[in-house]
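Participant: At position 128 of the sequence shown the residue is numbered 128 (our numbering), and the sequence of numbers has no breaks. First the structure, which I've put down as structure tokens, then a few questions once you've had a look.
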Amino acid sequence: MMTKIALVTGASRGLGKDMALEIAKKGLDVVLTYNSNKDEADKVVAAIHSMGRRAAALQLEVGDTKSFDSFLKGVDVILKEWGVDKFDYLVNNAGVGATVPMEQVTEDLFDNLMNIHYKGVYFLTQKSLSMMNDGGGVIFISSGTTRFCVPGYSVYSSLKGAVETLCKYVAKEYGVRGIRSNIVAPGPIETDFNGAAIRNNQEMKTRLAGMTPLGRVGNADDVGSVVAFLCTDDAKWVNAQRIEVSGGISI
Numbered sequence: 001m002m003t004k005i006a007l008v009t010g011a012s013r014g015l016g017k018d019m020a021l022e023i024a025k026k027g028l029d030v031v032l033t034y035n036s037n038k039d040e041a042d043k044v045v046a047a048i049h050s051m052g053r054r055a056a057a058l059q060l061e062v063g064d065t066k067s068f069d070s071f072l073k074g075v076d077v078i079l080k081e082w083g084v085d086k087f088d089y090l091v092n093n094a095g096v097g098a099t100v101p102m103e104q105v106t107e108d109l110f111d112n113l114m115n116i117h118y119k120g121v122y123f124l125t126q127k128s129l130s131m132m133n134d135g136g137g138v139i140f141i142s143s144g145t146t147r148f149c150v151p152g153y154s155v156y157s158s159l160k161g162a163v164e165t166l167c168k169y170v171a172k173e174y175g176v177r178g179i180r181s182n183i184v185a186p187g188p189i190e191t192d193f194n195g196a197a198i199r200n201n202q203e204m205k206t207r208l209a210g211m212t213p214l215g216r217v218g219n220a221d222d223v224g225s226v227v228a229f230l231c232t233d234d235a236k237w238v239n240a241q242r243i244e245v246s247g248g249i250s251i
């Protein structure tokens, strides 16, 4: 039986790093991307190698759709080195944070976030699907803020809402190939995302923990295992679903 392969974007740190490691623990090989921090990405590759799995890192600016063809050629080179020509799972994780009140949003900010969080996700998924094996899956990373509102997230959360709709269309149009499509929507997570906004602000951290029945904010390792589950046959009948991993915040 062939080893399954996952492509995880934005996996040099934070949630993406934990996703890549948890996917490897499930016995998959991993191609991961980084934007600027090659050294950190290489450490994730080394950690996966230490588990006895194959891994490789490629640079990707997910907001630059014109770079996707050359990026996917790089993926193809890695796959051929591994003796295959297709991969099985795409995890659309890469992103940036921005907490900006609506009255301060500029078109440049809007366009940058749209390119990263929607346009890039759309076309990377479109182009990747032709390189994926039947019976695989796509996992989109969304946000708890498509269910509850956080001031300053009007652009970010709206784009994540668009991704949640896109997820359903991938499930509908590619189901004939046995490809599943699902959303994982984290709640507040203590990582360096968005300038480590939660980690560096004890008042915010305490307030968010108090809004959560489990009494804390999330950690990176709260999310990766759920994504990894979706990259296995254990999740073979989970399709077109939004799985919120938020500890039940604002329930």
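Cβ coordinates follow ideal geometry from the N, Cα and C atoms, glycine included. Please read all numbers here as calculations on a predicted model, not as lab measurements.
How many angstroms separate the CA atom of residue 170 from the CA atom of residue 210?
Facilitator: 36 angstroms
Participant: For residue 301, tell me which candidate among 185, 131 and 141 has the shortest Cα-Cα distance.
Facilitator: Only positions 1 to 251 of the chain appear in the structure, and residue 301 is not among them; the question remains open.
Participant: Alpha helix (DSSP H) containing residue 204: first to last residue?
Facilitator: 202-210
Participant: Quick test of the definition: if touching needs 3 or more C-beta pairs under 8 angstroms, does the segment 214-228 touch the segment 17-29?
Facilitator: yes
Participant: Which whole-angstrom value is the C-beta distance of residue 33 and residue 9, which I expect to be below 8 angstroms?
Facilitator: 5 angstroms
Participant: Which whole-angstrom value is the C-beta distance of residue 61 and residue 35, which I expect to be below 8 angstroms?
Facilitator: 6 angstroms
Participant: Candidates 86, 48 and 134: which alpha carbon is nearest residue 176's?
Facilitator: The residue with the shortest Cα to Cα distance from residue 176 is 134.
Participant: Let me confirm a value: residue 53 is counted as buried when at least 16 other C-beta atoms fall within 10 Å, else exposed. Which label applies?
Facilitator: Buried: at least 16 other Cβ atoms inside 10 Å.
Participant: Should residue 37 be labelled buried (16 or more other beta-carbon atoms within 10 Å of its own) or exposed?
Facilitator: exposed
Participant: CA-CA distance, residue 25 and residue 232?
Facilitator: 11 angstroms
Participant: Cα-Cα, which of 162, 136, 138 and 139 is closest to residue 145?
Facilitator: Nearest C-alpha to residue 145 among 162, 136, 138 and 139: 162.
Participant: For the beta strand (DSSP E) holding residue 137, just list the boundary residues, first then last.
Facilitator: 132-141
Participant: In angstroms, rounded to a whole number, what distance separates the CA positions of residue 185 and residue 140?
Facilitator: 8 angstroms
Participant: Pick helix, strand or coil for residue 8, following the three-state DSSP scheme.
Facilitator: Three-state result, residue 8: strand.
Participant: Which stretch, first to last residue, makes up the alpha helix (DSSP H) that contains residue 156?
Facilitator: 154-174
Participant: Under DSSP, the beta strand (DSSP E) around residue 244 begins and ends at which residues?
Facilitator: 242-245
Participant: How about the segment 40-52 and the segment 117-132: do they share at least three Cβ pairs that are nearer than 8 angstroms?
Facilitator: For the pair of segments examined, the segment 40-52 was found not to touch the segment 117-132: the number of CB pairs separated by less than 8 angstroms stays below three.
Participant: Using the Cβ count rule (16 or more neighbours within 10 Å means buried), how would you classify residue 69?
Facilitator: exposed
Participant: Per DSSP, what are the beta-bridge partners of residue 257 in this structure?
Facilitator: There is simply no residue 257 to check, as the chain begins at 1 and stops at 251 in what is shown.
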